[in-house]
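All the letters of the sequence shown, read from the start, carry residue numbers 3 to 260 under my numbering.
C-beta: ideal position from N, C-alpha, C; glycine also.
Here the structure is a predicted model, which means the values were calculated and not measured.
Scroll down for the structure; my scribbles are underneath it.
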Amino acid sequence: MRMMLQIVLLIVSGPLLAFDHSGWNTLLAEHVAPLRGGVATAVDYAGMRRDQEQLDAYLESLSGVSIQGFKDFSRDEKLAFLINAYNAYTIKLILLEDTPDSIRDIGNFLSGPWDKEFIFLLGKARTLDELEHEMIRGNPDLLDPRIHFAVNCASIGCPALRPEAYTADNLEAQLEDSTRKFLSDKQRNRFNADKNALEVSKIFDWYEEDFENAAGSLAEYLLPYADKLGVPEEKRQLMKNDDITIRHLDYNWKLNKQ
Numbered sequence: 003m004r005m006m007l008q009i010v011l012l013i014v015s016g017p018l019l020a021f022d023h024s025g026w027n028t029l030l031a032e033h034v035a036p037l038r039g040g041v042a043t044a045v046d047y048a049g050m051r052r053d054q055e056q057l058d059a060y061l062e063s064l065s066g067v068s069i070q071g072f073k074d075f076s077r078d079e080k081l082a083f084l085i086n087a088y089n090a091y092t093i094k095l096i097l098l099e100d101t102p103d104s105i106r107d108i109g110n111f112l113s114g115p116w117d118k119e120f121i122f123l124l125g126k127a128r129t130l131d132e133l134e135h136e137m138i139r140g141n142p143d144l145l146d147p148r149i150h151f152a153v154n155c156a157s158i159g160c161p162a163l164r165p166e167a168y169t170a171d172n173l174e175a176q177l178e179d180s181t182r183k184f185l186s187d188k189q190r191n192r193f194n195a196d197k198n199a200l201e202v203s204k205i206f207d208w209y210e211e212d213f214e215n216a217a218g219s220l221a222e223y224l225l226p227y228a229d230k231l232g233v234p235e236e237k238r239q240l241m242k243n244d245d246i247t248i249r250h251l252d253y254n255w256k257l258n259k260q
């Protein structure tokens, strides 16, 4: 009897159960549609607006997590929590602004959408920039370059908003799948045989340091995805030697709406 009691106490005092992202998962499944075979997606913002009560309930559940509760999460639970929070609050921001043509239409010259302090998370008001650059990228334990293919800025140029919530149990597979799909999208990443150059998203320019720190150079980071990018076999040694021309494509900031 005493041993059974000790086991029960151990379970109760052990790590918290995984955070419940099912509400967000339902919204994504219902209002995010695949494009071009799934390498991109479009959001039904009108549908999200109709279900805004469910979105608000999910955001409230995120806001209800304490700093200590977050610290008790596993590494993957923390990262999934922050990615989902970023994406859900971005949707909320678009709805607050009555669905603009572009997220960059929000705010003004002095304060843009990413500076807007409308998020309440882990005990304080925060911005999208703080969430991405300080809480994720600024944390060496959480930074994974593939987060750049998971957080979504509500724009056509951005990697697809995944039509499911990120979860700790599936995080590795989800991050890798999102990366491969984005790099398979020839509208945003490709090898141009006529120009003998890799043409990739502006994301690889803005955050080049993250990719270099992970692999030594941007070309070396992209090398395992050479098949997705359509790089011929004879050009892959150039990537390995960091001797391939890389150009950055224009970024499409139009809203990723259906």
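One thing to note: Phe120 has its Cβ no nearer than 9 Å to the Cβ of Tyr88.
Counting the other Cβ atoms within 10 Å of the Cβ of Gly39 gives fewer than 16, which makes it exposed.
Glu174 is the residue among Gln189, Glu174, Glu99 and Ala31 whose C-alpha sits nearest the C-alpha of Arg77.
Segment contact: the segment 19-30 against the segment 48-63, three or more CB-CB distances shorter than 8 Å; contact assigned. The segment 175-205 contains, as complete beta strand (DSSP E) runs of 3+ residues, the segments 192-194 and 199-202 (chain order). Under the three-state reduction of DSSP, Phe83 is assigned to helix. Cβ contact annotation for Cys155 (same chain, cutoff 7 Å, sequence separation greater than five): Thr92 and Ile105, in chain order. Around the beta carbon of Ala195, fewer than 16 other beta carbons sit within 10 angstroms, so the residue counts as exposed. Ile69 is classed as exposed because its beta carbon has fewer than 16 other beta carbons within 10 Å across all chains shown.
The Cβ atoms of Lys183 and Ala44 do not sit closer than 9 Å to each other.
Relative to the Cα of Gly232, the nearest Cα in the group Glu210, Val202 and Trp255 belongs to Val202. Counting C-beta pairs closer than 8 Å gives fewer than three between the segment 219-230 and the segment 152-171, which falls short of the contact rule. Leaving aside the five residues that flank His150 on each side, the residues in its chain whose CB is nearer than 8 Å to its CB run, in chain order, Pro161, Ile205, Tyr209 and Asp212. Of the candidates Asp107, Asn254, Phe111 and Phe72, the residue whose Cα lies closest to the Cα of Arg190 is Asn254. Listed in chain order, the non-local C-beta contacts of Pro36 below 6 Å within the same chain comprise Thr43, local neighbours out to five positions each way being set aside. Sequence-distant partners of Phe122 (beyond 5 residues in either direction) whose C-beta falls short of 7 Å from its own C-beta, in its chain, are Ser65. By the Cβ-count criterion, Gln176 is buried, with 16 or more other Cβ atoms from all chains shown falling within 10 Å of its own Cβ. Where Ile69 is concerned, there is no enclosing beta strand (DSSP E), although the alpha helix (DSSP H) around it starts and stops at Ile69 to Lys73.
In the three-state scheme derived from DSSP, where H, G and I count as helix and E and B as strand, Ala20 is classed as coil. In the three-state reduction of the DSSP assignment, Pro161 falls in the coil class. At a Cβ-Cβ threshold of 9 Å, Ala170 and Ala31 do not count as neighbours. Between the C-alpha atoms of Glu136 and Lys118 there is a straight-line separation of about 15 Å.
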